[in-house]
Each structure stands twice: as structure tokens, then as C-alpha cells.
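> With the UniProt record's numbering applied, the sequence shown covers 1 to 123.
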Amino acid sequence: MKVGIPSVDFEHKALIDEINALGDLLETNTAVDKITARLGAIHALIEGHFALEEKIMLDMGYNGYHAHKEDHNRLLEQIRDIMDDTVVADQVDIAATLGARLDAWFSVHLRTFDRSFHTHIKS
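1) Find out if the Cβ-Cβ distance for the pair L76, H43 is shorter than 8 Å.
2) Keeping to the same chain, check which residues put their C-beta closer than 8 Å to that of L22; ignore five residues upstream and five downstream.
3) Does the beta-carbon of H66 have 16 or more other beta-carbons within 10 angstroms, so that it is buried, or is it exposed?
4) With DSSP as the reference, label G64 as helix, strand or coil.
5) Any chance you could list the alpha helix (DSSP H) runs of at least 4 consecutive residues sitting entirely within the UniProt domain "Hemerythrin-like" (5-115), in chain order?
6) Where does D114 land, buried or exposed, given buried means 16+ other C-beta within 10 angstroms?
7) Around the Cβ of F117, are there at least 16 other Cβ atoms within 10 angstroms (buried) or fewer (exposed)?
8) Tell me the DSSP secondary structure of K2 in three-state form.
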């Protein structure tokens, strides 16, 4: 979903590309340590992206900032949990867990939090 801020929209696309690349790794039976490394890179990208979004929200006086930030924090924690779980899980578990969590989070986050932020930007 485009929010209308070029830097945010660019980062959204970059994150989707990274997540798709992770999906490719999962489909090719890549070693768990490489998957964990990719998750770490994704976590770092997302953390930086969220910092940018949150700064923009504060600068704009966006009243949905706190709830949006809490949702960002939930996703970051879930990614850390998945990274911790990869130490003891096999690849099938990682793929199923990661896919379900990311799909659920992005579906809800994009439809609610990002849509609301987009509406605020347009007004």
C-alpha cells in the first residue's frame, strides 16, 4: 500500500522484496543459519523503516501514533521470537510460523493502521 510519501513507499517495496527473498530461501531448503541471517536483515530494515514512519507521524501530529507504534513493536517482537525459535526448529516449522505471522500482521496492519495513516496524510 502506498501512503504517498516517496521514502516510505520505497521502503515498503524494499521490505516486500526482502520478505519475498526470504520466502525463496524457505522454498529451497536453505540452511537455518542463512534463514536466521536473512530474518536479522529484515528485522533491521523493518526497525529502520518503522523509525522513519514514526518520526513522520510525530512531525505531522498524527493522533493514531501510539497505537501504530505499539503494532510496530509487536511485529518486531514477533520477528525476534521467530529468530529465537529457528535455533530449535526445522525449516518446515520456520516456513509455517513465519508465513502465518507475517501474513496475519501485514493483512491487519495494512488494512487498519497504514490505511488510517494514509487517510491522515491525504487530509
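In this text, a Cβ means the ideal position worked out from N, Cα and C, and glycines have one as well.
Let me spell this out:
1) It is a contact, given that the beta carbons lie within the stated cut-off.
2) Take L22, set aside five residues on each side of it, and the residues of its chain with a beta-carbon closer than 8 Å to its own are I35, R38, L39, I42, L98, in chain order.
3) With fewer than 16 Cβ atoms within 10 Å of its Cβ, H66 is classed as exposed.
4) G64: coil per DSSP, three-state reduction.
5) Listed in chain order, they are 6-27, 32-60, 65-85, 91-109.
6) D114 comes out buried.
7) F117 is buried by the Cβ-count criterion.
8) In this structure, K2 counts as coil in the three-state DSSP scheme.
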